[in-house]
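Participant: Okay, handing you the structure first.
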Amino acid sequence: MLRPASIRFAPAIALVTLFGLGEVGAQTQTSIDPAGSAAVIDDIVTGSRVLADFGVLDGFGHVSARDPNNPNHFLMSRSLAPALVTAGDIMEFDLDGNAVDARGRALFLERFIHAEIYKARPDVMAVVHTHSPNVIPFTISQVPLRAVFHNAAFLAAGAPVWDIRKDFGETDMLVRNPAIGRSLAETLGDKSVVLMRGHGDVAVGPAVRMAVFRAYYTDVNARLQSQAVGLGGLLNFLTPGEGAKADAVNFAVLDRIWNLWKMRVTTTLAK
Ligand SMILES: [Zn+2]
Numbered sequence: 016m017l018r019p020a021s022i023r024f025a026p027a028i029a030l031v032t033l034f035g036l037g038e039v040g041a042q043t044q045t046s047i048d049p050a051g052s053a054a055v056i057d058d059i060v061t062g063s064r065v066l067a068d069f070g071v072l073d074g075f076g077h078v079s080a081r082d083p084n085n086p087n088h089f090l091m092s093r094s095l096a097p098a099l100v101t102a103g104d105i106m107e108f109d110l111d112g113n114a115v116d117a118r119g120r121a122l123f124l125e126r127f128i129h130a131e132i133y134k135a136r137p138d139v140m141a142v143v144h145t146h147s148p149n150v151i152p153f154t155i156s157q158v159p160l161r162a163v164f165h166n167a168a169f170l171a172a173g174a175p176v177w178d179i180r181k182d183f184g185e186t187d188m189l190v191r192n193p194a195i196g197r198s199l200a201e202t203l204g205d206k207s208v209v210l211m212r213g214h215g216d217v218a219v220g221p222a223v224r225m226a227v228f229r230a231y232y233t234d235v236n237a238r239l240q241s242q243a244v245g246l247g248g249l250l251n252f253l254t255p256g257e258g259a260k261a262d263a264v265n266f267a268v269l270d271r272i273w274n275l276w277k278m279r280v281t282t283t284l285a286k
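The working numbering applies: residue 16 is where the sequence shown begins, and numbers increase by one.
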């Protein structure tokens with residue numbers, strides 16, 4: 016059951032106002048704003064290329080955003096390597112993962128990750144799915160991924176591991192239908208990140224920039240935690256309280272790092 020738009024968007028609007036992203040939060044459900052869509056599409060393109068540049072995404076993985084003009088739709092590239100995504104490749108999908116206007120374009124098999132999370136989490140405005148190499152060991156280990164440093168503060172709330180085999184037996188490991196996507200979204204719960212056993216992870220956020228930030232720092236945190244484990248001895252992670260405080264600061268300065276990342280990939284952005 017969907018709540019009224021004013022309630023559904025309240026958290027996102029509060030956050031984007033706080034973080035100076037008013038052009039995203041200023042949308043309403045009933046007014047069509049092409050500029051708002053263009054800004055979100057630009058962030059999807061930039062985020063895809065940034066994560067590819069960092070090696071968090073390779074030929075696989077995807078970045079999406081809830082349509083700022085229609086909360087029951089989301090925007091995502093046609094099936095394409097993230098480093099090659101341009102604004103012209105972005106398509107519109109409904110929350111069952113159906114393309115609104117496919118025109119023969121190939122679709123990502125795992126679009127149901129995005130569809131089912133948008134359906135389950137009205138506060139989520141962006142979703143990133145990666146096969147983050149540093150994270151994979153934590154998806155098959157009994158050692159939980161925990162917040163090592165302040166940039167990955169969002170992990171202090173926990174990062175559950177979802178195992179596709181638990182409900183679906185032996186599969187090809189892909190989230191290729193709504194039922195599998197729903198199971199993944201249930202394990203994500205109210206968290207910012209869910210790990211996928213033998214596969215990768217999903218990071219969500221109230222804007223594309225934040226979901227990209229979380230996808231990147233989930234990968235960095237995993238690498239640092241592995242290094243810390245290698246040192247031996249007891250580890251001292253951020254507490255949930257520290258995580259909540261540090262996360263608020265990270266969001267406040269997000270544009271600074273986003274502009275730096277965007278500059279890194281601007282020369283490769285097709286006009
Ligand atoms: Zn995948």
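All C-beta atoms, glycine included, are put in the ideal place defined by N, C-alpha and C.
#1: Out of curiosity, what's the CA-to-CA distance linking ASP182 and HIS77?
#2: Any chance you could list the beta strand (DSSP E) runs of at least 3 consecutive residues sitting entirely within the region 95-161, in chain order?
#3: Take ARG238 and list the residues in its own chain whose beta-carbon comes closer than 7 Å to its own, dropping the five residues that flank it on each side.
#4: Can you tell me whether GLY215 is helix, strand or coil according to DSSP?
#5: Please state whether DSSP places VAL268 in a helix, a strand or coil.
#6: Counting beta carbon pairs with one atom in the region 215-233 and one in the region 61-75, are three or more of them shorter than 8 Å?
#7: Assuming ASP48 and PRO83 are in contact, meaning their beta carbons sit under 8 Å apart, how far apart are those beta carbons, in whole angstroms?
#8: Starting from PRO49, trace the alpha helix (DSSP H) in both directions and tell me its first and last residue.
#9: With 16 as the cutoff for other CB atoms within 10 Å, does VAL219 come out buried or exposed?
#10: Using the Cβ count rule (16 or more neighbours within 10 Å means buried), how would you classify VAL55?
#11: Does the Cβ of GLY76 lie closer than 8 Å to at least one heavy atom of ligand 1?
#12: Decide if the region 161-176 is in contact with the region 261-274; the criterion is three or more beta carbon pairs, one per stretch, under 8 Å apart.
#13: If contacts are defined as beta-carbon pairs under 8 Å, then ILE151 and GLY215 qualify, I think. What distance do you get, rounded to the angstrom?
#14: Take every Cβ of the region 59-66, pair it with every Cβ of the region 107-123, and state whether three or more of those distances are shorter than 8 Å.
#15: Tell me the rounded alpha-carbon separation between THR254 and GLY103.
#16: Taking all protein chains shown into account, decide if MET106 is buried (16 or more other Cβ within 10 angstroms of its Cβ) or exposed.
#17: Taking 8 Å as the cut-off, is the beta-carbon of GLU107 closer than that to any non-hydrogen atom of ligand 1?
#18: Counting along the chain, where does the beta strand (DSSP E) carrying MET91 start and finish?
#19: Can VAL209 and PRO175 be called in contact, C-beta distance under 9 Å?
#20: In whole angstroms, give me the CA-to-CA distance for TRP273 and THR186.
#21: Could you check whether the Cβ of PHE266 sits closer than 9 Å to any Cβ belonging to chain D?
#22: Between the C-alpha atoms of ALA171 and ARG279, what's the straight-line distance to the nearest angstrom?
Facilitator: Let me spell this out:
#1: On the sequence shown, residue 182 is found 167 positions in, with the first residue counted as 1. On the sequence shown, residue 77 is found 62 positions in, with the first residue counted as 1. Cα to Cα, the separation comes out at about 24 Å.
#2: 105-109, 141-145
#3: Taking the first residue of the sequence shown as position 1, residue 238 is located at position 223. Excluding positions up to five away in sequence, the list reads ASN149.
#4: For the purposes of this step, residue 215 is taken as residue 200 along the sequence shown, with counting starting at 1. The answer is strand: DSSP assigns GLY215 an E or B state.
#5: In the sequence shown, residue 268 corresponds to position 253, counting from 1. VAL268: coil per DSSP, three-state reduction.
#6: yes
#7: Translated into the one-based positions of the sequence shown, residue 48 becomes position 33. Translated into the one-based positions of the sequence shown, residue 83 becomes position 68. Right, the Cβ-Cβ distance comes to about 7 Å (below 8 Å), so this counts as a contact.
#8: Here the question's residue 49 lines up with position 34 in the sequence shown. Run containing PRO49: 49-68, per the alpha helix (DSSP H) assignment.
#9: On the sequence shown, residue 219 is found 204 positions in, with the first residue counted as 1. Answer is buried; the Cβ neighbour count reaches 16.
#10: For the purposes of this step, residue 55 is taken as residue 40 along the sequence shown, with counting starting at 1. With 16 or more Cβ atoms within 10 Å of its Cβ, VAL55 is classed as buried.
#11: Along the sequence shown, one-based indexing puts residue 76 at 61. True, at least one ligand heavy atom lies under 8 Å from that Cβ.
#12: yes
#13: For the purposes of this step, residue 151 is taken as residue 136 along the sequence shown, with counting starting at 1. For the purposes of this step, residue 215 is taken as residue 200 along the sequence shown, with counting starting at 1. The pair is a contact, with the Cβ atoms about 7 Å apart (cut-off 8 Å).
#14: no
#15: As a first step, residue 254 is located in the sequence shown; it is residue number 239 there, counting from the start. As a first step, residue 103 is located in the sequence shown; it is residue number 88 there, counting from the start. Each residue's alpha carbon lies about 43 Å from the other.
#16: Locating residue 106 in the sequence shown gives position 91, where the first residue counts as 1. When all chains shown are included, MET106 counts as buried.
#17: Locating residue 107 in the sequence shown gives position 92, where the first residue counts as 1. No - ligand 1 has no heavy atom lying nearer than 8 Å to the Cβ of GLU107.
#18: Position 76 of the sequence shown, counted from the first residue, corresponds to residue 91. Counting along the chain, the beta strand (DSSP E) containing MET91 begins and ends at 85-92.
#19: Here residue 209 refers to the residue found at position 194 when the sequence shown is read from its first residue. Here residue 175 refers to the residue found at position 160 when the sequence shown is read from its first residue. Yes, the Cβ-Cβ distance between VAL209 and PRO175 is below 9 Å.
#20: Residue mapping note: residue 273 aligns to position 258 of the sequence shown, counting from 1. Residue mapping note: residue 186 aligns to position 171 of the sequence shown, counting from 1. So the alpha carbons of these two residues sit roughly 37 Å apart.
#21: Looking at the structure shown, chain D is missing, and only one protein chain is on hand.
#22: Taking the sequence shown and counting its residues from 1, the one referred to as residue 171 is at position 156. Taking the sequence shown and counting its residues from 1, the one referred to as residue 279 is at position 264. Rounded to the nearest angstrom, the two C-alpha atoms are 29 Å apart.
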